[in-house]
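Note that the sequence shown covers residues 117 to 405 in the numbering used here. Glycine included, each C-beta is placed from N, C-alpha and C at the ideal position. Okay, structure first, notes after.
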Amino acid sequence: MSGSARYVRRLANALSFNGHFPWPRSLARRLYRHAKGIERIENFDSDLSMDLSLSEHMQRRIFWMGYYSEDVIRVIKQRLRPGMTFVDIGANIGEVSLVAAKIVGPQGHVLAFEPVDTLADRLQEHTNRNGLQHVRVVRMGLSDHDGTAVIYDSCGQGEANDEHQGLSSLFGDPSRNAALQTIELGCLDTFLSEPELERVDLIKIDIEGGELTCLRGAESLLRKHRPALIVEIQSESARRAGYRPEDILNFLSVLGYEFHTIAAQGELRPLTAATLKPFQNVLCLAPQH
C-alpha cells in the first residue's frame, strides 16, 4: 500500500501543477483515506523532511495536500523575516515550526511548545533531521499558572471514525476522552523572561480551549513586545474550557490589539466579536504591526 501511495502522490502532485488544480490531490486523499503506515516525505514546503502517518487526519492531509494549516502558513510567510523570534504553542509534529525555522534562519529563534511526548518526540526528530538547531522543543503546556495537569486526547472534537493526534486538550471529559499523560504547566511570561530572548515577533496558539489562559499567562510579554498573534478561536473548545470565544477578543482589545480572520489563501478580513463564527484562525495585531 505504501509504495502505491507514494506513486499516486507523485502523480497527483504533477497533475496539480504546483497546487493550481487541487482536485487530483484531493481525490487521492479520499481514495487512500484508510491507508496505513508511516511515510517519509522529503519535499514538505519544497525541501523539508517529515515522517507522516497516513491513518492520522492532519498528517494524512499534509501527505496528500502539501499542508494542513496552509492558510496560517501563508500568513506566517508574509510576516516572518530572517532573525525574528517565533513561538509555536501547540506545535504537534512541527508543520508550522519547521516552516518558521526555515524563514527566520540560524540567526532567529523558534520555540515549539508541545507537551504530549509522542508528538514532541516526532517534532524533535524532524528538527534534528532538517538541521534546524535554532528550534527549541519545550515539553510544557502553557496556562496562567504553574503546576501539572492531565491532558486528554480531545475535548470532544474530531470524527469518531478518524484518527486524530492533534486535538489534545486539558479540557477533555474523563468519562468520554482518553487521558494521555500528566504534563507540566507554566506561564509564557515566566518562560520568556530569559535575557537572551530580546524580542518576540510572532506567536501561534492552537491548544484546544487553552488559548485564553495561555494569553493571560503572557500578558506582560504582550505589553512589552507587542508580538503579532495567530490564535485559533473555536466555540466548542471555548465552551469546554468555560469561557466565551469573544472573551479572547475582549482580553486582547484592552491591550490594543485589532483582529482579522484568516480566510482562504491567507486573505485577511476584519473581525469583531459580533462577526465571530464557530471556528476561525485570527491574526491579532498591535498598532505597530
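With 16 other Cβ atoms within 10 Å as the buried cut-off, status of residue i
i                 : result
valine 188        : buried
tryptophan 123    : The sequence shown places tyrosine at residue 123, not tryptophan. Burial call: exposed.
phenylalanine 216 : At residue 216 the sequence reads alanine, which differs from the phenylalanine that was named. Buried is the call here.
isoleucine 323    : buried
asparagine 397    : buried
alanine 236       : buried
phenylalanine 133 : exposed
alanine 354       : buried
glutamine 350     : buried
Continuous alpha helix (DSSP H) stretch holding residue i: start and end
i              : result
aspartate 237  : 233-245
asparagine 159 : Run containing asparagine 159: none in the alpha helix (DSSP H); it sits in the beta strand (DSSP E), 154-160.
asparagine 366 : 361-370
arginine 339   : 335-341
Rounded distance between the beta-carbons of residue j and residue i, thought under 8 Å
i              : j              : result
leucine 258    : glycine 325    : The pair is not a contact, with the Cβ atoms about 12 Å apart (cut-off 8 Å).
proline 343    : isoleucine 319 : 5 Å
leucine 313    : histidine 250  : Incorrect: roughly 12 Å between the Cβ atoms, too far for contact.
tyrosine 230   : asparagine 244 : According to the sequence as given, residue 230 is glutamate; it is not tyrosine. About 15 Å separates the two Cβ atoms, so there is no contact after all.
leucine 406    : asparagine 246 : What is shown of the chain runs 117 to 405, which leaves residue 406 out entirely.
methionine 181 : arginine 149   : Their Cβ separation, rounded to whole angstroms, is 13 Å, which puts methionine 181 and arginine 149 out of contact at 8 Å.
leucine 337    : leucine 304    : 6 Å
glycine 272    : glutamate 327  : So it is not a contact: roughly 16 Å between Cβ atoms.
leucine 296    : isoleucine 321 : Contact doesn't hold; Cβ gap of about 20 Å is too wide.
Segment limits, beta strand (DSSP E) that includes residue i
i                 : result
leucine 147       : Where leucine 147 is concerned, there is no enclosing beta strand (DSSP E), although the alpha helix (DSSP H) it sits in stretches over 139-147.
leucine 345       : 344-350
phenylalanine 395 : 395-401
threonine 306     : Run containing threonine 306: none in the beta strand (DSSP E); it sits in the alpha helix (DSSP H), 304-307.
threonine 329     : Note, threonine 329: premise wrong, no beta strand (DSSP E); alpha helix (DSSP H) at 327-332.
alanine 265       : 263-268
histidine 376     : 374-378
leucine 384       : 384-386
leucine 318       : 318-321
CB contact flag (residue i, residue j, <8 Å)
i             : j              : result
glutamate 362 : alanine 379    : no
valine 347    : valine 203     : no
threonine 298 : alanine 265    : yes
glutamate 211 : isoleucine 178 : yes
serine 270    : histidine 261  : no
valine 191    : leucine 399    : yes
histidine 376 : leucine 384    : yes
aspartate 167 : arginine 238   : yes
Heavy atom of the ligand SAM within 7 Å of residue i beta-carbon
i             : result
glutamate 230 : By its list of ligands, the structure shown contains no ligand whatsoever, and the ligand SAM lies outside what it can speak to.
At 4 residues or longer, what runs of the alpha helix (DSSP H) sit wholly inside the region 166-252? 173-181, 186-195, 211-220, 233-245
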